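So in this note's numbering the end of the sequence shown lands on 647, straight run, no missing numbers. Here a beta-carbon is modelled for each residue, glycine too, at the ideal position from N, C-alpha and C. Keep in mind that this is a model prediction, so the values were computed, not measured. Worksheet: one structure, shown below.
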Amino acid sequence: MVEERDRAIKYAHDNRARFLNELKEFASIPSVSTDPAHKGDIQKAAGWAAARLEALGMKNVQIFPTTGHPVVYGESMTAGEKAPVVLFYGHYDVQPAEPLELWESPAFEPTLRGDNLFARGVSDMKGQMLAGLFAIESIQKTSQLPCNLKFIFEGEEEIGSPNLAPFIASHKDLLSSDVVLNLDSGIIAEDFPSITVALRGLAYFEIRVSGPTSDLHSGMFGGVVHNPAQVLCELIAGMHDDQGRVTLPGYYDRVRPLTDEERADMKRLPMDDKHFLRITGAPALYGEAGYTSAERVGARPTLEVNGLLSGFTGEGSKTVLPAKAMAKISMRLVPDQDPAEVHQQLLKYMEKNAPPTVIWEVIQMAGGFASIVDRNTPGVQALADAFQTVWGKPVGFKREGGSIPVVAQMQSILGKASILAGFGLPDDNLHAPNEKLHLPTWYRGIDVVIHFLFNL
Ligand code: BES
Ligand code: MN
């Protein structure tokens, strides 16, 4: 077995240049799931992933249409009945690249600078998806696969996986497995490997406020008509109190309090205020009183303004009282909050606080439950040992602030917990301009997956 591992690892090292080229090819497909203009690119990326599975010799490769973007499936069941079945999850869609002018090289022309590859989706998560596939190829080409494999690649993760739950529910047998590996996460630092043990949930809304039937001259009507932009800003300002707590009625009722043990665990991670100041470049940090930064980002719920739109924002000045204003608002949720309940809480807040001078509307968008993973399972242990082998040091266990709705969906529909990891870094600029992947960490990641599969 040791020899087999060594051969696979050597193959992975010898093929790094080609692996990189394949990642460049995949990342040059602008598979932006939220933008209808990229529907063709989504199809192309799904086709690319399916072709990659076929090139690996996977069987039963299929592209399943859904009401939204397709799901790609493939399998290899040659390791025998006693060998575990590992279900690899991935998403081939990416976030929009805008604002394009802030990219140092074009978002869909993968560009190498130093140790990093820059392009939208290289870290989140095309690189992570391929790390799994390249690990499998490295074993396959040098010995025999120790596990049976299944793959599910979706194209709607970045818009909240709205059509995945029905697909999972209607393909339970196809997706049955012993272990689910989801590499859509990252590690804390280049020299601090970690496994993700929790994700936050999400509830995403658009709030629209309107007043007069048309934009007005701000001199002729300012003073008699309530400005919708002002109303919306006041409503948003009221959503936090002076302790940084969210004021929606009942918002904290279901929040599971942190245990002393969890708090002690988090203290051990290299995620102090300096870490966040360095990564974000913000002049100072902000958040809920009474909790550390690592706790606030991993284990406490929040509310963010994702975007604001109203009135005149062009160059120069224009004296106008806008007819309407819009904000995109999202809440990151923790166990045991429910996105549907949070929707009701937001409606209650608006009913109570919106003045009669405007008309408002709340539109519900992406949503998903938080998840928590039991770290004391053989699968997590196999992965922790794999990290230990490659990095030469023990992993930390981290609660992640981001969301992956499929994790809770698989938990509730298939009854399967996911093992969560990945080889991205906190400064990879996910969802932002100049997204990048740190290649030395990524190459180590391929080795980790090789060891993981043998450890299982
Ligand atoms: N890969 C991220 C989630 C993530 C980020 C995990 C950082 C660990 C570390 C994922 O693709 C993502 O961004 N998800 C969205 C989900 C949402 C649209 C429902 C998110 O968290 O905003
Ligand atoms: Mn992702």
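| Query | Result |
| --- | --- |
| Every unbroken alpha helix (DSSP H) inside the stretch 412 to 495 [4 residues or more] | 419 to 428, 451 to 458, 464 to 471 and 484 to 489 |
| Three-way DSSP call (helix, strand, coil) for residue 523 in this model | strand |
| Sufficient close CB pairs (3 or more, under 8 Å) joining the stretch 573 to 580 to the stretch 589 to 597 | no |
| Burial state of residue 558, where buried means 16 or more other Cβ atoms lie within 10 Å | buried |
| Cross-strand partners of residue 590 (DSSP beta bridge) | 389 |
| C-beta contact flag for residue 518 and residue 398 at 8 Å | yes |
| Residue 348 CB to nearest heavy atom of the ligand MN below 7 Å | yes |
| Whole-number beta carbon distance between residue 386 and residue 575, since they are thought to touch under 8 Å | 6 Å |
| Opening and closing residue of the alpha helix (DSSP H) in which residue 373 lies | Looking at the DSSP string, residue 373 is not in any alpha helix (DSSP H); the run it does join, the beta strand (DSSP E), is 370 to 373. |
| Stretch-stretch touch, CB-based, cutoff 8 Å, three pairs: the stretch 355 to 364 with the stretch 305 to 323 | no |
| DSSP beta-bridge partners of residue 408 | 511 |
| Cα-Cα separation, residue 254 to residue 528 | 34 Å |
| Three-state class that DSSP yields for residue 635 in the structure shown | helix |
| Residue interval of the beta strand (DSSP E) (run including residue 378) | It is not in any beta strand (DSSP E) - residue 378 carries neither H nor E in the DSSP assignment. |
| Distance CB(residue 571)-CB(residue 323) smaller than 8 Å | no |
| Unbroken beta strand (DSSP E) run spanning residue 279, endpoints | 276 to 282 |
| Contained alpha helix (DSSP H) runs [length at least 4] in the stretch 607 to 632, N- to C-terminal order | none |
| Assumed close pair residue 348, residue 597 - CB separation to whole angstroms, cut-off 8 Å | 7 Å |
| Backbone CA spacing between residue 566 and residue 573 [nearest angstrom] | 11 Å |
| Where the alpha helix (DSSP H) containing residue 361 begins and where it ends | 355 to 361 |
| Residues of its chain near residue 233, where Cβ-Cβ distance is below 7 Å and the 5 sequence neighbours each way are ignored | 222, 224, 260, 284 and 346 |
| Check: residue 315 C-beta below 7 Å from any heavy atom of the ligand MN | yes |
| Bridge partners - residue 341, DSSP secondary structure assignment | 266 and 278 |
| Residue from 332, 509 and 499 whose Cα sits closest to the Cα of residue 520 | 499 |
| Three-state secondary structure assigned by DSSP to residue 584 | coil |
| Burial state of residue 382 (16 or more Cβ within 10 Å) | exposed |
| Distance CB(residue 479)-CB(residue 435) smaller than 8 Å | yes |
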